[in-house]
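Trainee: Pasting in a structure now, in structure tokens, and then I'll have a few things to ask.
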Amino acid sequence: MEVELSLVENTMIISDLKLNFDKLLKTTEEIWFSVALVKESTYDYIQETINKNCKQNYLIGIDLPTHPQVLRKMHEKLEKDLFESAIYKTKYNFHPKVYLFKKNDNYTAFIGSSNLTDGGLEDNIELNYKITNKEDCLSILNWFNTLYKESFPLTEDNILAYEEQFYSISELEKELKKKKKGLKLKRPVSANNPLEQINFSDRYFKKEHHWAFRSELWFNDTKEAIFERELAKNRCITLHNSIFPSFKDYGIQILQPNPMADHLISMTRQIDPTKPRKINAMWLSYGKSNNEIKEYQKLVGQDQKAKQTFIHHSRIQLKIDLNNIGIYLLFAKENEGGIFDRHFFKTSMRNKVYRDKFHEMINSLPDQYFISVGGNDEFCNKFNSPEELHEFCKNDDIQKYFIIGRDFQITDDRMSENNLPQETLKIFKLLFPLYEMMRHKF
């Protein structure tokens, strides 16, 4: 039976489902999972992580090699009121990857390419949409219920019938998988560059600036790789020289560049070649003044001075990578990055007046602005109350950036050679009140 879904609003692309599942499973009240393939280790992860009072509903396909042991584990739980599972089988392949969560009458869904496997949740290259619009989620639930009524019960007889088929073809599938792994394909050289189809003639950042951050160069520290990054760095310096003199006109003059001239732009080479780190983007950042940084260094003492430099504090920045240009407010990460700012913000959010004001400011940001906390991303207009936003911010993790901002596609008119400098200043001004509200000050 065909059920039509139309999903438009409140969606976000998610590549790592496990980060989202880790949070949702612990508090969700009911789930509906409809998948083509389930691995035993991933099913075990769900059962170990999920709220023990959560109602679970599964619709499992058997056109892909879900191990019979997984079905047996599900069958063992069927006697409990909190577990339902069925097999979907027709003459057509059953191929959905749909995950729906419910908590307090709020729904979150993920639809995309990820099966319920370790690779699907975390390791593979996947693309999934996260959906929080209630109407859309209820449409997904209706789709699930419609197919569930057409499914086969998860009985021992049906598992035995599937098991006989499973083992008879498993060896053939293993051999086929080996052959696929050994397959070598060729492509034209130009197909390696996803930027070939873009007209860069009126773009502020040209093709060579974005191309310097392709995956082949992430850990590459050759002279050629460094030279490519230097081209992007020089363009960022040109942007700095264009916008920084106008900071006073935009009322953001307290924002200062990195006082270390060599570090005005992020690094173009590996700091420690023996422990290479991914160089997949470049930043032009503004934040606390040199005098402020010195006060923090005095506070922590000489032995911790290296952990209190410009980059260890909140800042507003422009970022360029292979496919996008982002403009963000962020707290630093790692090596006690942003420790003063994060602690100040965390403490301030306990105050209702502060919390209400923060929600008001976040909610007033235009569409496409997002907030990223602890590796979880949400659109800023998603939060219905200060308390809901506060709960989300409690996921803060010092090993990950805390970001508020937005990304632009290369082809966006605002990213043109004529428009990007002014657009950058406008967004810096827009984010500046949040920067002032969230950062630690002496």
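Note that the sequence shown ends on residue 519 in my numbering; no numbers are left out. Backbone N, C-alpha and C fix where the C-beta goes; we use that ideal spot for every residue, glycine too.
For Gly36, name the three-state secondary structure that DSSP assigns.
Mentor: Outside the shown range of the chain, which is 78 to 519, sits residue 36, and nothing can be said about it.
Trainee: DSSP three-state call for Trp295: helix, strand or coil?
Mentor: coil
Trainee: Mapping the DSSP letters down to three states, classify Ser267 as helix, strand or coil.
Mentor: Residue confidence for Ser267 is low, a pLDDT of 44 falling below 50, so the modelled location carries little weight; the figure read from the coordinates is stated next. Helix.
Trainee: Just how far apart, CA to CA, sit Tyr135 and Thr209?
Mentor: Cα to Cα, Tyr135 sits roughly 20 Å from Thr209.
Trainee: Is Ile164 helix, strand or coil by DSSP?
Mentor: strand
Trainee: With DSSP as the reference, please indicate the residues paired to Val175 in a beta bridge.
Mentor: Ser111 and Ile188
Trainee: Mind checking which residues open and close the beta strand (DSSP E) that includes Asn453?
Mentor: In the DSSP assignment, Asn453 falls within the beta strand (DSSP E) that extends over Asn453 to Phe456.
Trainee: Assign Pro350 to one of two classes, buried (16 or more other C-beta atoms within 10 Å of its C-beta) or exposed (fewer than that).
Mentor: exposed
Trainee: For Leu114 versus Leu141, is the C-beta distance shorter than 7 Å?
Mentor: For Leu114 and Leu141, yes; Cβs fall inside 7 Å.
Trainee: Closest by CA to Asn428, which one among Glu285, Trp109 and Pro463?
Mentor: Pro463
Trainee: To the nearest angstrom, how far is it from the Cα of Ser216 to the Cα of Phe435?
Mentor: 33 Å
Trainee: Rounded to a whole number of angstroms, what is the C-alpha to C-alpha distance between Ser83 and Leu218?
Mentor: Below a pLDDT of 50, predicted positions are generally treated as unreliable, and Ser83, at 43, falls in that range; the measurement from the model is reported next regardless. About 13 Å.
Trainee: Looking at Thr194 and Lys100, is the spacing between their C-beta atoms short of 7 Å?
Mentor: no
Trainee: Using a 10 Å radius around the Cβ and a threshold of 16 neighbouring Cβ atoms, would you call Gln394 buried or exposed?
Mentor: buried
Trainee: Return yes when the Cβ of Phe485 is within less than 7 Å of the Cβ of Ile402, no when it is not.
Mentor: yes
Trainee: Label Met492 either buried or exposed according to how many other C-beta atoms from any shown protein chain fall within 10 Å of its C-beta, with 16 as the threshold for buried.
Mentor: buried
Trainee: Between Thr105 and Phe178, which are expected to be in contact by the criterion C-beta below 8 Å, what is the C-beta distance as a whole number of angstroms?
Mentor: 5 Å
Trainee: Check for me: the alpha helix (DSSP H) holding Met514 runs from which residue to which?
Mentor: Leu497 to Met515
Trainee: Checking 7 Å against the spacing of the C-beta atoms, do Phe221 and Lys207 come in under that value?
Mentor: No Cβ-Cβ contact shorter than 7 Å links Phe221 with Lys207.
Trainee: Helix, strand or coil, according to DSSP, for Asp398 in the structure here?
Mentor: It is a strand residue.
Trainee: Which value, in whole angstroms, describes the spacing of the CA atoms of Gln499 and Asn318?
Mentor: 13 Å
Trainee: Name, in chain order, the residues that DSSP records as bridge partners for Val450.
Mentor: Asn453
Trainee: As a quick exercise: from Leu497, Asp454 and Lys459, pick the residue whose alpha carbon is nearest that of Leu96.
Mentor: Asp454
Trainee: State yes or no: is the C-beta of Ser323 within less than 7 Å of the C-beta of Leu508?
Mentor: no
Trainee: Apart from the five residues just before and just after Thr232, which ones in its own chain have a Cβ nearer than 8 Å to its Cβ?
Mentor: Excluding residues up to 5 positions away in sequence, His152 lie with their Cβ nearer than 8 Å to the Cβ of Thr232 in the same chain.
Trainee: Taking 7 Å as the limit between beta carbons, can you name the residues of its chain near Thr488, skipping five residues before and five after?
Mentor: Ile275
Trainee: Using only CA atoms, which one of His390, Lys396, Asn400 and Lys310 lies nearest to Lys410?
Mentor: His390
Trainee: Over what stretch of residues does the alpha helix (DSSP H) that includes Met151 continue unbroken?
Mentor: Pro145 to Lys154
Trainee: Return the Cβ separation of Lys168 and Ser190 in integer angstroms, given the expectation that the two are a contact with Cβ distance under 8 Å.
Mentor: So it is not a contact: roughly 24 Å between Cβ atoms.
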